[in-house]
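*Asks:* Per this note's numbering, the sequence shown starts with residue 4, numbered consecutively. Pasting a structure here, questions to come.
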Amino acid sequence: FYFAVWAPNATAVSVIGEFNGWKKELHPLFVRLDHSGIWEGFIPNIPKGTLYKYHISGFEGVETVKADPYARYAELRPGTASVTWQFEKDWQDGDWMAHRKKHNSLHAPWSVYEVHLASWMRPEKQNEGRYNSYIQLAEKLVPYVKAMGFTHVEFMPVMEYPYDGSWGYQGAGYFAATSRFGLPEELMYLIETLHQNGIGVILDWVPSHFPADAHGLYKFDGTHTYEYADMRKGYHPDWNSYIFNYNRAEVRSFLVSSAHFWLKYYHVDGLRVDAVSSMIRLDFSRAEGEWEPNELGGHENLEAISFLQTLNEIIYREFPDVQTIAEEASDRPGITAPVKKDGLGFGMKWMMGWMHDTFKYFKLDAGKRLLAQDVFSFSIMYAFDERFMLPLSHDEVVHGKSPMIYKMPGNEWEKFANLRLLYSCMYTHPGAKLLFMGNEFGQTSEWNYQSELDWELLQYDCHNLLQECVRDLNHIYAHEPALYEHQFDPKGFEWVALDHRYEGVMAYKRKGRHRADDLLIVINVSNKNYHDWAMQVKGKLHWKEIFNSNHTKYWGTGECLNEHIAINYIDRKKKICEIILNIPAFTAMIFR
Numbered sequence: 004f005y006f007a008v009w010a011p012n013a014t015a016v017s018v019i020g021e022f023n024g025w026k027k028e029l030h031p032l033f034v035r036l037d038h039s040g041i042w043e044g045f046i047p048n049i050p051k052g053t054l055y056k057y058h059i060s061g062f063e064g065v066e067t068v069k070a071d072p073y074a075r076y077a078e079l080r081p082g083t084a085s086v087t088w089q090f091e092k093d094w095q096d097g098d099w100m101a102h103r104k105k106h107n108s109l110h111a112p113w114s115v116y117e118v119h120l121a122s123w124m125r126p127e128k129q130n131e132g133r134y135n136s137y138i139q140l141a142e143k144l145v146p147y148v149k150a151m152g153f154t155h156v157e158f159m160p161v162m163e164y165p166y167d168g169s170w171g172y173q174g175a176g177y178f179a180a181t182s183r184f185g186l187p188e189e190l191m192y193l194i195e196t197l198h199q200n201g202i203g204v205i206l207d208w209v210p211s212h213f214p215a216d217a218h219g220l221y222k223f224d225g226t227h228t229y230e231y232a233d234m235r236k237g238y239h240p241d242w243n244s245y246i247f248n249y250n251r252a253e254v255r256s257f258l259v260s261s262a263h264f265w266l267k268y269y270h271v272d273g274l275r276v277d278a279v280s281s282m283i284r285l286d287f288s289r290a291e292g293e294w295e296p297n298e299l300g301g302h303e304n305l306e307a308i309s310f311l312q313t314l315n316e317i318i319y320r321e322f323p324d325v326q327t328i329a330e331e332a333s334d335r336p337g338i339t340a341p342v343k344k345d346g347l348g349f350g351m352k353w354m355m356g357w358m359h360d361t362f363k364y365f366k367l368d369a370g371k372r373l374l375a376q377d378v379f380s381f382s383i384m385y386a387f388d389e390r391f392m393l394p395l396s397h398d399e400v401v402h403g404k405s406p407m408i409y410k411m412p413g414n415e416w417e418k419f420a421n422l423r424l425l426y427s428c429m430y431t432h433p434g435a436k437l438l439f440m441g442n443e444f445g446q447t448s449e450w451n452y453q454s455e456l457d458w459e460l461l462q463y464d465c466h467n468l469l470q471e472c473v474r475d476l477n478h479i480y481a482h483e484p485a486l487y488e489h490q491f492d493p494k495g496f497e498w499v500a501l502d503h504r505y506e507g508v509m510a511y512k513r514k515g516r517h518r519a520d521d522l523l524i525v526i527n528v529s530n531k532n533y534h535d536w537a538m539q540v541k542g543k544l545h546w547k548e549i550f551n552s553n554h555t556k557y558w559g560t561g562e563c564l565n566e567h568i569a570i571n572y573i574d575r576k577k578k579i580c581e582i583i584l585n586i587p588a589f590t591a592m593i594f595r
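So this is what it looks like as structure tokens:
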């Protein structure tokens, strides 16, 4: 095996491992003469699967023992060694790869199922120490995602990480698939199986910070190698972690190489870049005096912005059929704008404002909602400023925030009716969609990374039929062009009725490339049923109800369905008509 490591301030580096009794004297590396700071060497007769680390004699005599930052595999925690590895994979997803430009297009449906592999389902519910392997997940997770109609999955970080409680967001192996669930090729098999079933794969990727574990990147050669030396920029107070030095070419190369690696060798279809706000703001979670302005006197980290621009330019040049997605909550414009227009160049950005306003609105009881219509409708004011993904993610069902079902007001039936209504609004709102695992069936406890989802809830109709509702919404979203063709374009949305705030009724159209595909969405956020409601609509003279969240098949009452719609023609030539509707309480309806 050939070994190479960047340790610019080291005075000596050697490879230690099982093969030499972990003795630093036996296999020294030699520094390149090009002043790159790279130490390298070839050690023969080391088999694949051998544990190793680097012993580094560093600055001012400091000695450290580090895992290989570029290792492709790592020892199962609590072990921290790297593992010699060469990929042996004959990919069988050629059809997906040949056509994924269509599936991953910004004009395609994006319904993303966010998954934490360790806690989606356990092989034994009572044994918290056991996980499903990548192979078992291919057998169990893939059929479920396909049956539910999600177009993509997003895996919370699968890059090796030491602490389970970080959920993967404090990683130590930027090139190593976590050994918790099996071998690297077995993760490839899981991704391949998803592709064979028409499902794209997004990975969470964390270039924003890393932990201080002794075997990791922190003070790699005894100095601040990967992180900023100035802790006003280099330390993250919220997460007790360290921030990459985006001004250093070697660090930028390390991160870009990591992103490129997962896209190339694991065939992933996108990267969701974590904590972008913390990267681009020097004052993120810092009080006055705890941060230093940039060279222009502002609060933006210009080096991080430059890095993200370079990252996206390289990814879209090398992999034009994938997407990058920013988890970003600041008010900085242009996150998804092209780099040439001073944007960051992401494909999509999480719409955190929509999520916060939606929760704020739906937590209100029916009476108070009537006075807060502007909270509900406000997101459309900026829905097309960026290319947004609507996230109902893991972050919203932990740390005392309560599960989705208990964010809803009212009795049990009203909670489920409101959650069906919320999901219906999400699926018909402009933008891509993301739903965290368990949300689809109304998990009644907060997410716990140490156990599996409460699958036994599916024996109860209220949960089972909510799951059916989400399945149907996924199907409608994926098969109705009006919901995705112009999901990032203002011509894909039109308000139809927004002047009935005291009745709680609103209506809007979603529009595709062809008028015949237009959909009418009518929602009632109040607790009252309305009969014979007259609504004027233009564009089409015939409307049919294709979805009603109050249907009995979703645990609704079945009242006020619209099997036959009376139509009064106002102007046939201009295609203006009046439709007479029944509108149930806490309900969304879709008409085609």
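We treat Cβ as the ideally placed atom computed from N, Cα and C, and that holds for glycine.
#1: Have a look at the DSSP bridge pairing and note the partners of Gln539.
#2: If you count every other CB in all the chains shown that lies within 10 Å of the CB of Phe33, and 16 or more means buried, which is it?
#3: In this structure, does DSSP put Asn527 in helix, strand or coil?
#4: Where does Met100 land, buried or exposed, given buried means 16+ other C-beta within 10 angstroms?
#5: Kindly provide the ranges of any alpha helix (DSSP H) runs that are 4 or more residues long and lie completely inside the segment 56-130, ordered along the chain.
#6: Measuring CA to CA, which of Gly97, Val86 and Pro112 is closest to Met392?
#7: Between Phe594 and Ile526, how many whole angstroms is the CB-CB distance? I'm expecting something under 8 Å.
#8: Going by other Cβ atoms of all chains shown within 10 Å of its Cβ, with 16 needed for buried, is Lys343 buried or exposed?
#9: So Ala375 and Tyr385 are supposed to be a Cβ contact under 8 Å. How far apart are they, rounded?
#10: Given this structure, state the Cα-to-Cα distance separating Asn585 from Glu566, to the nearest angstrom.
#11: Buried or exposed for Asp334, please, with buried defined as at least 16 other CB atoms from any protein chain shown within 10 angstroms of its CB.
#12: Pair every Cβ in the segment 93-110 with every Cβ in the segment 419-429, then say whether three or more of these pairs are closer than 8 Å.
#13: Can you give the Cα-Cα distance for Ser288 and Ser136, rounded to whole angstroms?
#14: Contact between the segment 77-87 and the segment 169-185 is defined here as three or more beta-carbon pairs at a separation below 8 Å; is this criterion met?
#15: Starting from His155, trace the beta strand (DSSP E) both ways and give me its first and last residue.
#16: Expressed to the nearest angstrom, what Euclidean distance is found between the alpha-carbon atoms of Tyr57 and Ala70?
#17: Which whole-angstrom value describes the C-beta separation of Leu206 and Trp265, a residue pair presumed to lie in contact below a C-beta threshold of 8 Å?
#18: Taking one C-beta from the segment 210-220 and one from the segment 269-280 each time, how about it: are there three or more such pairs within less than 8 Å?
#19: Label Leu36 either buried or exposed according to how many other C-beta atoms from any shown protein chain fall within 10 Å of its C-beta, with 16 as the threshold for buried.
#20: What is the C-beta distance between Asn250 and Glu303, in whole angstroms, given that I count them as a contact (C-beta under 8 Å)?
#21: Hey, Glu330 and Met358: beta-carbon distance below 8 Å or not?
#22: Quick one: grab the DSSP three-state call for Phe322.
#23: Does the distance from the C-beta atom of Asp324 to that of Arg103 stay below 8 Å?
#24: Rounded to the nearest angstrom, what separates Trp170 and Val118 at their Cα positions?
#25: Could you give the first and the last residue of the continuous alpha helix (DSSP H) run that contains Pro187?
#26: Helix, strand or coil, according to DSSP, for Trp353 in the structure here?
#27: For the segment 289-302 and the segment 221-230, state whether three or more C-beta atom pairs, one from each stretch, are separated by less than 8 Å.
#28: So if DSSP puts Glu230 in a beta bridge, which residue, or which two residues, is it bridged to?
#29: Straight-line CA distance for Glu626 to Glu417?
#30: Does the beta-carbon distance from Lys512 to Val499 come in below 8 Å?
#31: Going by the CB atoms, is the gap between His466 and Phe444 shorter than 8 Å?
#32: How about Asn315 and Leu367: do their beta carbons lie closer than 8 Å?
*Replies:* The structure says:
#1: Bridge pairing for Gln539: Glu581 [DSSP].
#2: Around the beta carbon of Phe33, a 10 Å sphere encloses fewer than 16 other beta carbons of the protein chains shown; the residue is thus reported as exposed.
#3: Residue state, collapsed to three classes: strand.
#4: The residue in question, Met100, is exposed, as its Cβ has fewer than 16 Cβ neighbours within 10 Å.
#5: As far as the segment 56-130 is concerned, its whole alpha helix (DSSP H) runs of at least 4 residues are 97-106.
#6: If we check each option's Cα against that of Met392, Pro112 comes out closest.
#7: Contact doesn't hold; Cβ gap of about 12 Å is too wide.
#8: By the Cβ neighbour-count rule, Lys343 is exposed, with fewer than 16 other Cβ atoms within 10 Å of its own.
#9: About 18 Å separates the CB atoms of Ala375 and Tyr385; that is not less than 8 Å, and the two are not in contact.
#10: Those two C-alpha atoms are separated by around 10 Å.
#11: When all chains shown are included, Asp334 counts as exposed.
#12: No: the two stretches stay apart, fewer than three of their Cβ pairs being nearer than 8 Å.
#13: Linking Ser288 to Ser136 through their CA atoms gives a straight-line distance of about 37 Å.
#14: Taking 8 Å as the limit for Cβ pairs, the verdict is that the segment 169-185 does touch the segment 77-87.
#15: It spans His155 to Phe158 - the beta strand (DSSP E) in which His155 sits, taken as one unbroken run.
#16: Using only the alpha carbons, I get a separation of about 6 Å.
#17: Rounded, the Cβ-Cβ distance is 6 Å, consistent with contact.
#18: Below 8 Å, enough C-beta pairs join the segment 210-220 and the segment 269-280 to call them touching: three or more.
#19: Classification of Leu36: exposed, given that the 10 Å Cβ count is below 16.
#20: Not really, about 14 Å apart at Cβ, beyond 8 Å.
#21: No, these two residues do not count as a Cβ contact at 8 Å.
#22: The answer is coil: DSSP assigns Phe322 none of H, G, I, E or B.
#23: Yes; because the gap between Cβ atoms is below 8 Å, this pair is in contact.
#24: CA-CA distance, Trp170 to Val118, rounds to 11 Å.
#25: Pro187 to Gln199 is the extent of the alpha helix (DSSP H) around Pro187.
#26: DSSP places Trp353 in strand when its eight states are reduced to three.
#27: The segment 289-302, when compared against the segment 221-230, does not touch it at the 8 Å Cβ threshold.
#28: Glu230 pairs with Phe247.
#29: The question about residue 626 has no answer, for the chain in this structure spans 4 to 595.
#30: When the beta-carbon positions are compared, Lys512 and Val499 come within less than 8 Å of each other.
#31: Against a cut-off of 8 Å, the Cβ pair of His466 and Phe444 comes out as a contact.
#32: Not in contact: Asn315 and Leu367 (Cβ atoms no closer than 8 Å).
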